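I have placed the structure first, in the form of structure tokens, so that the comments after it can refer back to it.
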Amino acid sequence: MDWYPLYNSLRIAAISTVAVFFLGIFAAYYIAKLPRLVKGVLDVVLTLPLVLPPTVVGWLLLCLLGPKRPLGAWVLETFGFKLVMTWWSAIFATVVVAFPLMYRTARGAFESFDHNLADAGRTLGRSNTWVFWRVQMPVCKQGILAGTVLAFARALGEYGATSMIAGYTPGRTATISTTVYQLWRTNDDIGALKWVLVNMAISAVFLLAVNLLETRQRQTGKGGGR
Amino acid sequence: MALSVDIRKKMGDFQLKVRFEAENECLALLGASGCGKSVTLRCIAGILTPDEGKIVLNGVTLFDSAAKINLPPQKRNVGYLFQQYALFPNMTVRQNIAAAVRDKQRRKEVTEEKLRQFRLEEVADKRPGQISGGQQQRTALARILASEPKAILLDEPFSALDSYLKYQLEVELAETLEQFPGTVLWVSHDRGEVFRNCRRVCVLDRGQSQGAFTLRELFHEPVTEAAARLSGCKNYADAVSKGTSVFLPEWGLTLDCGKEVPPDIRRVGIRSHHVAMAAADAPGAFRCEVQRVIQDVFITIVLLRPENAVPDASPLRMELDREDWAKAEDKNYVWAAIQPRDILLLK
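As they're listed, the protein sequences go chains A and B.
Take the working numbering: the final residue in the first sequence is number 247, and no numbers are missing along the way.
Take the working numbering: the final residue in the second sequence is number 704, and no numbers are missing along the way.
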């Protein structure tokens with residue numbers, strides 16, 4: 022059995038989770054401070070990929086990144102490579118669809134954060150950066166962690182937009198989800214089943230790890246509770 | 358002047374206009390809830406920015422709208438005791454205190470010293486959620502003092518505690534603050550708390566500061582109705598100056614004040630416990646109908662309607678010992694009197 026799709030899926034999901042982690046937190050932190058109207062508009066725009074069909078996201082991405090489209094053409098001309106149909110093209114798709122999950126959970130966590138804690142840190146002479154990383158992030162840990170897990174799971178399971186922007190080339194752009202579709206389409210049910218089981222195993226292990234993490238935190242930390 | 362504040366800030370319909378000066382003393386900011394006490398403290402600490410004005414602490418300008426100076430909270434060196442203490446829940450008591458020590462070399466030393474001083478050694482490795490309300494307050498105070506502030510702002514320091522615990526902690530807090538050399542601003546809506554702990558009081562009424570008074574001025578000679586209300590006075594009526602007495606149209610009463618009443622007096626205030634039952638022939642006694650009797654824990658509250666009062670006049674409230682009310686023969690009509698010195702003349 023060729024394990025390439027597993028390797029490819031994991032690296033795509035991992036890279037996009039790291040990207041989405043920082044992008045989502047950054048967006049949540051700064052958008053929370055904006056005036057209400059701007060916040061409302063940005064909120065809709067940034068959450069849209071969550072409710073749009075992945076094929077619509079894929080089509081929009083192709084409009085931007087395709088070799089004959091403005092950005093894609095410019096990159097091809099300047100750097101001499103295509104933005105689509107490579108293994109890392111899928112990262113564009115997974116970042117876009119996983120971003121809203123991270124953004125929304127992080128924003129929810131930040132909104133319930135007691136800003137007196139930040140103000141206390143600042144009046145005690147601590148920098149905004151210190152307050153953010155040493156107080157706000159640890160206090161919001163549960164929400165941030167939940168968002169990261171959801172983003173990773175979503176990135177791992179992404180199919181629609183990925184298949185449009187990266188296609189299915191065995192050994193090059195194949196991911197677990199595109200492989201399952203390809204195997205099913207060619208009537209290879211046994212092959213498809215293998216990958217279905219692999220996917221389910223990864224997801225189960227992942228969720229189990231999260232549950233263990235949460236339990237341990239509840240036993241040792243007892244965070245919150247002022 | 359150790360701390361001088363003169364700021365204005367508009368927040369929706371609410372207009373804050375505060376001006377006071379404080380020495381190295383414990384000055385109370387007294388006002389009803391929602392009168393802008395917390396906003397004032399936040400402006401001084403640098404958490405909120407006033408629209409215009411000036412804040413100077415020990416000669417250092419913290420904020421000056423004209424000179425475009427607005428120091429960030431980190432550079433103001435002002436300790437802020439939040440209502441719910443705002444201890445970092447993810448850190449232990451020790452880490453909370455250590456976080457406030459600015460000098461890295463002395464961090465461990467200062468932290469251990471504060472833990473000892475505030476009797477927090479036993480709970481040093483616990484988190485704020487695992488310790489009592491009193492210990493939380495001590496931790497918050499230790500943390501503030503560890504940051505070596507030039508001034509301390511207390512925002513309703515006992516609002517998070519029940520009243521039994523409150524008195525014990527109040528004594529402790531007062532002792533700690535006595536040793537603090539700088540300015541302390543104590544925000545409160547509780548006149549008793551202010552009376553026990555501060556020498557001077559700045560009264561805030563609907564966002565407007567009414568200047569600073571000594572306790573004596575506030576409780577014995579309040580000059581505005583807001584100050585009188587905060588000092589606990591409950592009876593008010595419009596008044597017209599008549600030489601050495603005042604005429605109160607609402608109650609149809611002319612009361613002897615025993616001294617010349619300035620012509621600019623528009624209102625009078627009468628404390629409920631200064632309204633007393635009197636004999637019918639006593640000087641200044643007036644007859645009242647009893648409207649309602651309310652039994653309180655240790656006193657009886659009687660709502661009176663003076664005989665010549667206008668139809669929809671508000672009642673005159675009398676408070677007296679329960680036994681004294683029990684002794685009254687007629688409980689439908691009584692004779693009442695107010696001593697001349699007990700009439701508060703208000704502008």
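Note that CB positions come from ideal geometry on N, CA and C, so glycine has one too.
The structure presented is a predicted model; accordingly, all values stated were derived computationally and were not measured.
Outcome for residue i when other beta-carbon atoms lying within 10 angstroms are tallied against a minimum of 16
i: Thr236/A; result: exposed
i: Ala59/A; result: The residue asked about is misnamed: residue 59/A is Val in this sequence, not Ala. Burial call: exposed.
i: Gln652/B; result: exposed
i: Arg143/A; result: buried
i: Ile211/A; result: exposed
i: Asn592/B; result: buried
i: Gly146/A; result: buried
i: Pro26/A; result: buried
i: Asp669/B; result: exposed
i: Tyr442/B; result: buried
C-alpha gap between residue i and residue j, whole angstroms
i: Cys614/B; j: Lys599/B; result: 10 Å
i: Val152/A; j: Asp140/A; result: 9 Å
i: Arg459/B; j: Lys471/B; result: 14 Å
i: Leu85/A; j: Leu92/A; result: 6 Å
i: Phe228/A; j: Asn220/A; result: Per the sequence presented here, residue 228/A reads as Leu, with Phe not at that position. If you take the alpha carbons of Leu228/A and Asn220/A, they lie about 12 Å apart.
i: Glu409/B; j: Ala584/B; result: 26 Å
i: Thr449/B; j: Ala481/B; result: 7 Å
i: Ser198/A; j: Cys161/A; result: 32 Å
i: Leu218/A; j: Gly101/A; result: 39 Å
i: Lys243/A; j: Pro446/B; result: Its pLDDT being 45, under 50, Lys243/A is placed unreliably by the model, and nothing is read from it.
i: Ala225/A; j: Ser110/A; result: 27 Å
i: Val77/A; j: Ala119/A; result: 15 Å
i: Gly589/B; j: Ala639/B; result: 27 Å
i: Lys411/B; j: Asp699/B; result: 39 Å
i: Leu444/B; j: Asn29/A; result: 45 Å
i: Pro672/B; j: Arg623/B; result: 19 Å
i: Val558/B; j: Gln494/B; result: 23 Å
i: Arg155/A; j: Val435/B; result: 21 Å
Own chain partners of residue i with C-beta closer than 8 Å, once the 5 adjacent residues on each side are dropped
i: Pro430/B; result: Ala402, Gly403, Ile404
i: Ile642/B; result: Inspection of the sequence shows that residue 642/B is occupied by Ala rather than by Ile. Contacts found: Ala635, Ala636, Trp692, Ala693, Ala694.
i: Asp23/A; result: Pro191, Gly192
Contact with chain B by residue i, beta-carbon distance below 8 Å
i: Pro56/A; result: no
i: Ser148/A; result: yes
i: Ala127/A; result: no
i: Gly245/A; result: Residue confidence for Gly245/A is low, a pLDDT of 42 falling below 50, so the modelled location carries little weight and cannot support an answer.
i: Thr236/A; result: no
i: Thr169/A; result: no
i: Ala141/A; result: yes
i: Thr144/A; result: yes
i: Pro191/A; result: no
i: Leu138/A; result: yes
i: Pro159/A; result: yes
i: Val72/A; result: no
Proximity below 8 Å, CB of residue i to CB of residue j
i: Pro485/B; j: Thr468/B; result: no
i: Glu582/B; j: Asp595/B; result: no
i: Ile656/B; j: Arg679/B; result: yes
i: Ser187/A; j: Trp108/A; result: A small correction: the amino acid at residue 187/A is Ala; Ser does not occupy that position in the sequence shown. Yes, the pair counts as a contact, with Cβ atoms nearer than the cut-off.
i: Asn415/B; j: Ala359/B; result: yes
i: Leu438/B; j: Leu498/B; result: yes
i: Ala213/A; j: Pro75/A; result: no
i: Leu572/B; j: Arg556/B; result: yes
i: Gly564/B; j: Gln372/B; result: yes
i: Leu561/B; j: Leu387/B; result: yes
i: Val7/A; j: Leu104/A; result: Since the first residue shown for chain A is 22 and the last is 247, residue 7/A is missing from the structure and cannot be characterised.
i: Phe377/B; j: Gly539/B; result: no
i: Ile658/B; j: Glu676/B; result: yes
heavy atom of the ligand GDP below 7 Å from residue i C-beta
i: Thr581/B; result: The model depicted lacks the ligand GDP and carries no ligand whatsoever.
Proximity test, Cβ basis, 8 Å: residue i and chain A
i: Val357/B; result: The structure shown has nothing for residue 357/B, since chain B only spans 358 to 704.
i: Pro514/B; result: no
i: Phe439/B; result: yes
i: Ile509/B; result: no
i: Phe552/B; result: no
i: Asn447/B; result: yes
i: Leu522/B; result: no
i: Gly436/B; result: yes
i: Ile412/B; result: no
i: Gln648/B; result: no
i: Ser504/B; result: yes
i: Arg463/B; result: no
Close Cβ partners of residue i (< 7 Å) along its chain, the five nearest in sequence each way excluded
i: Glu532/B; result: none
i: Asp621/B; result: Lys704
i: Met123/A; result: Val41, Phe42, Gly45, Gly168, Thr169, Ala172
i: Arg548/B; result: Leu387, Leu587, Ser588, Gly589
Contacting residues, own chain, Cβ-Cβ under 6 Å from residue i (five flanking each side not counted)
i: Gln474/B; result: none
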